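**Q** One structure is given below, represented as structure tokens, and several questions about it will come after.
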């Protein structure tokens, strides 16, 4: 098989190996591929791996030898599934590889927002503790999480993992999901399912784990932000477009929301004009929740397993 990896750098910037993938066929690996480079690089490919390089219908039809498109991610919205099916091209994804890493960052945000760990460390290094007359200092209220209410919107694998951690902090967990009766929450104690408005009104922390669809685009908007407590925190490790960024920036700057932790933005990398870059108490990380070495190793392992299964005539994780 002729295998072409179009944008392998983020999955493997050099700390993982490609040997398992290379053992499956003739394998050409590119760190990044632009739309102008795509045809020349992949015109003879039978198997293509892509993370961000899109495959709409007009692109798919340019590759007559193509038999398989592997999304090196859980999401696969960059691939026209209907066009792939029409050409008998198998499309696969990699589900659930980053669950624990994403859940970990959710609470990294929450601990920073509630205790200001990096902020206070920075102030210590500036000399403020050394010059302080007391044995301790802090310059904004420190929040204990025990007894607070943690709201989760969307309850897939990551939402469930987040709920378990919130339980460990002895927080009350509210969940809004479309199908609570089939959510598989039986192993997680003390979860209360409720509607979105009630969750927004009652939660001290709101964490977004729903899919991005036309119905959820800018789901967090001015109206929904107005329902939240002024002491609440919003955390988004899902998709940037779930949030109306100007509305969130306004809420943070006017003090109608206490803080936000965001690993995703609507445009990545962000434009310098993005209002959240200068918003008050807004922590932003550069889409790293999925990217721990352990998670990327799981991603690589499943990518290889998906291709091996396809070659053996027993494809798995098929989304086409």
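Residue numbers (our numbering): 2 to 321. Think of the CB as a built atom: it goes at the ideal place given N, C-alpha and C, for glycine as much as any other residue. As the structure is a computational prediction, the values presented were derived from the model and not from experiment.
Which residue from 279, 291, 117 and 189 puts its Cα closest to that of residue 239?
**A** Mapped onto the chain shown, residue 239 falls at position 238. Ranking the options by Cα distance to residue 239, first place goes to 291.
**Q** Using alpha carbons as the reference points, say which of 218, 147, 74 and 248 lies closest to residue 261.
**A** Numbered from its first residue, the chain shown carries residue 261 at position 260. Among 218, 147, 74 and 248, the Cα nearest to that of residue 261 belongs to 248.
**Q** Assuming residue 312 is part of the alpha helix (DSSP H), what are its boundary residues?
**A** Within the chain shown, numbered from 1, the residue matching residue 312 stands at position 311. Unbroken alpha helix (DSSP H) run through residue 312: 294 to 312.
**Q** Would you grab the beta carbon distance between residue 204 and residue 150 for me? Rounded to a whole angstrom, and I think it's under 8 angstroms.
**A** As a first step, residue 204 must be located in the chain shown, where it is residue number 203. As a first step, residue 150 must be located in the chain shown, where it is residue number 149. That pair is a contact at about 5 angstroms.
**Q** Counting C-beta neighbours from all protein chains within 10 Å, is the total for residue 210 16 or more, i.e. buried, or is it exposed?
**A** Here the question's residue 210 lines up with position 209 in the chain shown. It is buried - the Cβ of residue 210 has at least 16 other Cβ atoms within 10 Å.
**Q** Got a sec? Which residues, its chain only, sit under 8 angstroms from residue 319 by beta carbon, not counting five neighbours each side?
**A** Counted from its first residue, the chain shown places residue 319 at position 318. Within the same chain, residue 319 has close Cβ partners 91, 92 and 93.
**Q** Could you check if residue 246 is buried or exposed, using at least 16 other CB atoms within 10 Å of its CB as the buried criterion?
**A** Your numbering for residue 246 matches position 245 in the chain shown. By the neighbour-count rule (16 or more Cβ atoms within 10 Å), residue 246 is buried.
**Q** Ignore the nearest five residues each way along the sequence and tell me which others in residue 259's own chain have a CB closer than 7 angstroms to its CB.
**A** Indexing the chain shown from 1 puts residue 259 at position 258. Cβ neighbours of residue 259 within its own chain (closer than 7 angstroms, five residues either side excluded): 231, 232, 233, 234 and 282.
**Q** In its own chain, which residues sit with a C-beta less than 6 angstroms from the C-beta of residue 108, not counting the 5 before and 5 after it?
**A** Here the question's residue 108 lines up with position 107 in the chain shown. 166, listed in sequence order.
**Q** Assign residue 194 to one of three DSSP states: helix, strand, or coil.
**A** Counted from its first residue, the chain shown places residue 194 at position 193. Strand.
**Q** For residue 144, which of helix, strand or coil comes out of DSSP?
**A** Position 143 of the chain shown holds residue 144. In this structure, residue 144 counts as coil in the three-state DSSP scheme.
**Q** I'd like the list of long-range same chain contacts for residue 34, defined as Cβ closer than 7 angstroms, with 5 residues on each side in sequence excluded.
**A** On the chain shown, residue 34 is found 33 positions in, with the first residue counted as 1. Around residue 34: 7, 8, 42 and 54.
**Q** Which same chain residues end up closer than 6 angstroms to residue 277 when comparing Cβ atoms and leaving out the 5 residues on each side of it in sequence?
**A** Here residue 277 refers to the residue found at position 276 of the chain shown. Answer for residue 277: 246, 250 and 283, listed in chain order.
**Q** Are residue 2 and residue 47 close, meaning C-beta to C-beta below 9 angstroms?
**A** Reading the chain shown from its first residue, position 1 is the one you call residue 2. Reading the chain shown from its first residue, position 46 is the one you call residue 47. In this structure, residue 47 lies closer than 9 angstroms to residue 2 by Cβ.
**Q** On the premise that residue 305 lies in contact with residue 50, defined as a C-beta separation below 8 angstroms, what is that separation, rounded to the nearest angstrom?
**A** Here residue 50 is taken as the residue at index 49 of the chain shown, counted from 1. Here residue 305 is taken as the residue at index 304 of the chain shown, counted from 1. The pair is not a contact, with the Cβ atoms about 10 angstroms apart (cut-off 8 angstroms).
**Q** Mind reading off the beta-carbon distance from residue 95 to residue 73? Whole number of angstroms is fine, and I expect it under 8 angstroms.
**A** Within the chain shown, numbered from 1, the residue matching residue 95 stands at position 94. Within the chain shown, numbered from 1, the residue matching residue 73 stands at position 72. That belief holds up - the Cβ atoms of residue 95 and residue 73 are roughly 7 angstroms apart, short of 8 angstroms.
**Q** Would you tell me roughly how many angstroms separate the C-alpha atoms of residue 163 and residue 66, rounded to the nearest one?
**A** Within the chain shown, residue 163 is the residue found at index 162, counting from 1. Within the chain shown, residue 66 is the residue found at index 65, counting from 1. Taking C-alpha positions only, residue 163 is separated from residue 66 by approximately 43 angstroms.
**Q** Look at residue 190 and residue 168 and say whether their C-beta atoms are less than 9 angstroms apart.
**A** Reading the chain shown from its first residue, position 189 is the one you call residue 190. Reading the chain shown from its first residue, position 167 is the one you call residue 168. Against a cut-off of 9 angstroms, the Cβ pair of residue 168 and residue 190 comes out as a contact.
**Q** Under three-state DSSP, which class holds residue 88?
**A** Residue 88 sits at position 87 when you count from the first residue of the chain shown. Reduced to three states, the DSSP call for residue 88 is coil.
**Q** Where residue 244 and residue 88 are concerned, what is the direct C-alpha to C-alpha distance, given to the nearest angstrom?
**A** Residue numbering aside, residue 244 sits at position 243 when the chain shown is read from its first letter. Residue numbering aside, residue 88 sits at position 87 when the chain shown is read from its first letter. Each residue's Cα considered, the two are about 36 angstroms apart.
**Q** Could you please give the first and the last residue of the uninterrupted alpha helix (DSSP H) stretch that includes residue 72?
**A** In the chain shown, the residue the question calls residue 72 occupies position 71. First-last for residue 72: 69 to 72, but that is the beta strand (DSSP E), not the alpha helix (DSSP H).
**Q** What is the rounded straight-line gap between the Cα of residue 286 and the Cα of residue 270?
**A** Here the question's residue 286 lines up with position 285 in the chain shown. Here the question's residue 270 lines up with position 269 in the chain shown. When rounded, the distance between both Cα atoms is 11 angstroms.
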